[in-house]
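2 protein chains.
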Amino acid sequence: MKASLSYQCLRIYFANYHYNPDGMWDLLLQNLAERNILLDTEELAIVQSLFTYRKFKRNQYLLQEGDVARHESFVLRGIARTYEVDEKGKEHVLFFGPEDWWIGDLYSFLSNTPTRYNIDCLEDTEVLQVSKENLDVLYEKVPKLNKYFRILFQNAFITLTHRVGAILSRAAMERYQEFLQKYPHIEQRIANRQIASFLGITPQSLSRLRKQLAKK
Amino acid sequence: MKASLSYQCLRIYFANYHYNPDGMWDLLLQNLAERNILLDTEELAIVQSLFTYRKFKRNQYLLQEGDVARHESFVLRGIARTYEVDEKGKEHVLFFGPEDWWIGDLYSFLSNTPTRYNIDCLEDTEVLQVSKENLDVLYEKVPKLNKYFRILFQNAFITLTHRVGAILSRAAMERYQEFLQKYPHIEQRIANRQIASFLGITPQSLSRLRKQLAKK
DNA sequence: CGAAAATTTGACATGACTCAACTGGAGTGG
DNA sequence: CCACTCCAGTTGAGTCATGTCAAATTTTCG
Chain S
1 MKASLSYQCL RIYFANYHYN PDGMWDLLLQ NLAERNILLD TEELAIVQSL FTYRKFKRNQ
61 YLLQEGDVAR HESFVLRGIA RTYEVDEKGK EHVLFFGPED WWIGDLYSFL SNTPTRYNID
121 CLEDTEVLQV SKENLDVLYE KVPKLNKYFR ILFQNAFITL THRVGAILSR AAMERYQEFL
181 QKYPHIEQRI ANRQIASFLG ITPQSLSRLR KQLAKK
Chain R
217 MKASLSYQCL RIYFANYHYN PDGMWDLLLQ NLAERNILLD TEELAIVQSL FTYRKFKRNQ
277 YLLQEGDVAR HESFVLRGIA RTYEVDEKGK EHVLFFGPED WWIGDLYSFL SNTPTRYNID
337 CLEDTEVLQV SKENLDVLYE KVPKLNKYFR ILFQNAFITL THRVGAILSR AAMERYQEFL
397 QKYPHIEQRI ANRQIASFLG ITPQSLSRLR KQLAKK
C-alpha cells in the first residue's frame, strides 16, 4: 500500500512537468511555519508519508453531495469551491479554496456521514490530501499539529463570524465592496456569477451593482 | 404557559443562588471530558489558578464596542448575546451564549484590537474567564488544551458554515423553523426580537411568520 | 470560426422592510 | 386596587431592494 502510494506520487511528479518535486512540500511547511509550527526531520517524514498528492482538472469534483468526505485537502495550486444546491436547484457558494487554503467538508469528514456539499475545481488544481485515519495518526505522532489546526480553525471561525455579520447587517453593495477589498486576487480569477453566489445575490443583481460602481 | 415559565426560571434562580464553590468547576470539566480531555490533579490546579469566576447581572455588559476583549468566557449559568450595531443603529445578534458555551470576541482577544461587537447578558449570568496571558500559560503548561480548543473551534466552524448556508439558500420561514428545532431550550428563554435579529429579519417579519405557523 | 456560456439589460413581481397605530401584559405609584 | 406608563408583540399600508423571466450582447473555449 505505502509502496504503491509512493510510486504513484512519483509517477505523478513526472507526469506533471510544471511541478517541481523538490518544492512539493514547501507551501504546506511555510503555512505551518507562519503559525509557528516547525517540524523536525522525523516529523516531516511522518507528514510526508501520510499525505497524498493529487491533481484535479478544471470542473472536476473533489467531493459530491451524498458521498462521504474521505479527505481534507490543502490546495497547492489552482482554486476550488464548496457549494450547496437548494431545493430549487440553485447553487450557493460557501467557500473558495485557492492555493494555501484547506478545503473539505469537515462535518462529513469527522462524522463519516454523507455530505450536503459539492466541491469542484474552477481551475486545474493540485492538492495534498490527508484521510481521517492518517490525520488521527498524525495528531498522535505529531501533537503540535493540534496547535496548528487550533489556530487554523480559530482564524476560520473569526472570518466566518465576520461574514455572518456582513450578511446580517450590510447591503449587497457594501458586501461586494468588502469582498473586492478582501480578496482582490481571487476576484480576478473567478466568474462573476460565482462571486454573486458567494455574496448571496443573483448574477443579475451583481451586474447592476457593478454598473453602479463603474458610473462613479 | 407564561406562568410556568417564570416559575421555572425562579426555581432555577434559587437553586443556584448560593453557588457551591466545590461544584464551580464541574461544568467546565465535563465540557472537557466530552471532548476526551481529562485533567490530572496537577493540571486541574493549574486551570483553577488561571481562570477567574465572575457574575453579571441581566443587561450588564461583558464587552462593549471599542474596548479590547481581555477575556474569553465560559458560561456556567444564564445567557449572553454577542451583537453588532450597524450604521443605522440596528442591532444584529451573532451568537447566543447559554451555559456550557464559550463567548467572547476572539479577534479582539487575539489581536489586542478594539472590538466591533457588544456582549451583554439576557439573564443574570455567571462565567469562568481566562485572560490572554493566562491562556498562553495554559497552552504551555497543559498542551492538551490545544486539542480541546481545536475540537471546539472545529465544531464552531461547522455550525457557522451551516448557518451561512442557511442564510444564503433558505427563506426566512425555513430558517426560523430550523432555529426552533435546533435550539428549543434557548427559544423559550429569550425575546422574539432577539431571535429575529439572530435570523436576520425584523421583529415584524418574525411576528408574521409566527402567525402563519399558528394557522397550520 | 462557431457554439456554448457568461454577462448585461429591461420589464415586472415579490418578499421583506419601514413607519405608524394598536393590543396586552408587567411593573409602578397614587 | 386602579390608573398609568412602558415595552414587546402584532397588524396594516405603502415602499424598496432584490428576484424572476426573457432577450440581447459579449466572452470563452473547443
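Going down the list, the protein sequences come from chains S and R. With the working numbering applied, the first sequence covers 1 to 216. With the working numbering applied, the second sequence covers 217 to 432. For glycine and all other residues, C-beta sits at the position ideal for the given N, C-alpha and C. Because the structure is a prediction, the values reported are computed rather than measured.
Reference S:GLU84; option with closest CA among S:ARG170, S:ILE119, S:LEU44: S:ILE119
Start and end residues, alpha helix (DSSP H) containing S:GLU187: 184–187
Whole-number beta carbon distance between R:ARG251 and R:TYR364, since they are thought to touch under 8 Å: 6 Å
R:ILE406 versus R:CYS337, R:LEU243, R:GLY320, residue with shortest Cα-Cα distance: R:CYS337
Contact set for S:ARG58: own chain, Cβ-Cβ below 6 Å, skip 5 residues either direction: CYS121, GLU123, ASP124
Contact list for the region 164–193 of chain S against chain R, Cβ threshold 9 Å: VAL164, GLY165, ILE167, LEU168, SER169, ARG170
Cβ pair S:LEU128, S:PHE56 closer than 7 Å: no
Given R:LEU351 as reference, the closest of R:ALA382, R:ARG286, R:LYS306 once Cα atoms are compared: R:ARG286
Spatial distance of R:LEU368 from R:PRO314 (CA atoms): 15 Å
R:GLU288 beta carbon less than 7 Å from that of R:VAL346: yes
Residues of the region 55–85 of chain S with Cβ closer than 8 Å to any Cβ of chain R, in chain order: GLU84
Proximity test, Cβ basis, 7 Å: R:ASN350 and chain S: no
Coil, strand or helix - R:GLU300 by DSSP: strand
Alpha helix (DSSP H) segment containing S:PRO203, residue limits: 203–215
Counted within 10 angstroms of its Cβ, other Cβ atoms place R:ASP256 as buried (16 or more) or exposed: exposed
Cβ-Cβ distance between R:GLU433 and R:SER413 below 7 Å: Residue numbering for chain R in the displayed model covers 217 to 432; residue 433 of chain R lies beyond these limits and cannot be assessed.
Exposure of S:LEU5, with buried meaning 16 or more beta-carbon neighbours within 10 Å: Residue placement at S:LEU5 cannot be trusted, given a pLDDT of 38 that sits under 50; what the coordinates show is reported in the next sentence. That one is exposed.
Local conformation of R:SER413 per DSSP, three classes: helix
Same chain only: Cβ atoms within 6 Å of S:GLN204, ignoring 5 sequence neighbours per side: none
Residue span of the alpha helix (DSSP H) that contains S:ASN36, given as start and end: Looking at the DSSP string, S:ASN36 is not in any alpha helix (DSSP H), and its letter there is neither H nor E.
Given S:HIS185 as reference, the closest of S:GLU42, S:ASN31, S:ILE79 once Cα atoms are compared: S:ILE79
Where R:ILE383 falls: helix, strand or coil (DSSP): helix
Where R:ILE406 falls: helix, strand or coil (DSSP): coil
Secondary structure, alpha helix (DSSP H): runs of 4+ residues fully inside the region 325–367 of chain R: 348–357
Contact set for R:THR329: own chain, Cβ-Cβ below 8 Å, skip 5 residues either direction: VAL284, TYR323
R:LYS357 at chain S interface by Cβ criterion, 7 Å: no
Exposure of R:LEU396, with buried meaning 16 or more beta-carbon neighbours within 10 Å: exposed
Cβ pair S:PHE51, R:ALA372 closer than 7 Å: no
Environment of S:LEU209 [buried if 16+ CB atoms lie within 10 Å]: buried
Chain R contact residues for S:ASN146, given Cβ-Cβ distances below 7 Å: ASN362, LYS363, ARG366
Test: R:ILE374 CB closer than 7 Å to a CB of chain S: yes
DSSP beta-bridge partners of R:TRP318: R:PHE290
Three-state secondary structure assigned by DSSP to R:ARG274: coil
Distance CB(S:ASN31)-CB(R:ASN362) smaller than 7 Å: no
Closer than 7 Å to chain S by CB, R:GLY313: no
CB-CB length for S:LYS132 against S:PHE109, believed under 8 Å: 6 Å
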